[in-house]
Amino acid sequence: MATSLHNLSDYDPQSVPSATGMRFGIVVSDWNSKITGALMRGAFDTLIANGAKEEDIYVKNVPGSFELIFGAAQFVKSGKVDAVIAIGCVIRGDTPHFEYICQGTTQGLATLNTDYDVPVVYGLLTCNNMEQAEDRCGGMLGNKGDECAVTAIKMADYRRSFGNQ
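Basically our numbering = 1-based index in the sequence shown + 339.
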């Protein structure tokens, strides 16, 4: 669904399982830190609001969005988390760099989801300009971090439904 048709912070609390006892890793890109910091805060606060404890949420920073792959992989391999949220923001510029970073990061995070048994949630904003990013990190379209946290809780619960702790 297009973000312009849905506020990223809107969700039915009744549809979200309790995050009590769940552990989460949040890996955050330092690039565009004003945006990624707001996304991380949205994710963190939403996890807490749904029952996670602060001490069960691990936040680590990486330099850029491409490094989210390695950062998420370290959380997955650690065995310490039930789900990982990868948060980054890439804004289109004048060179093809935007496409390379977006495609590479997307493929890397997707591979983690198929190769490992811990869900990795895609929280990479891929925007044409700063205004679009600001609208999606707590602006008029809500906060993608909120949506990522809800997804992480649901996916951790889904994983547990198969007997995986």
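The C-beta atom is built at its ideal place from N, Cα and C for all residues, glycine as well.
A straight line joining the alpha-carbon of residue 366 with that of residue 408 spans about 9 Å. Beta-bridge analysis with DSSP links residue 363 to 396, 422.
With respect to the 8 Å criterion, residue 476 and residue 467 are not classified as neighbours on the basis of their beta carbons.
With respect to residue 430, residue 382 sits apart: the two C-beta atoms are not nearer than 8 Å. Distance from residue 380 to residue 484 at the Cβ level is roughly 7 Å; contact confirmed, criterion being Cβ atoms closer than 8 Å. For residue 439, the enclosing alpha helix (DSSP H) covers residues 436-454. Per DSSP, the beta-bridge partners of residue 368 are 401.
The beta-bridge partner set that DSSP reports for residue 430 consists of 466. Here residue 459 carries a strand assignment [DSSP, helix/strand/coil].
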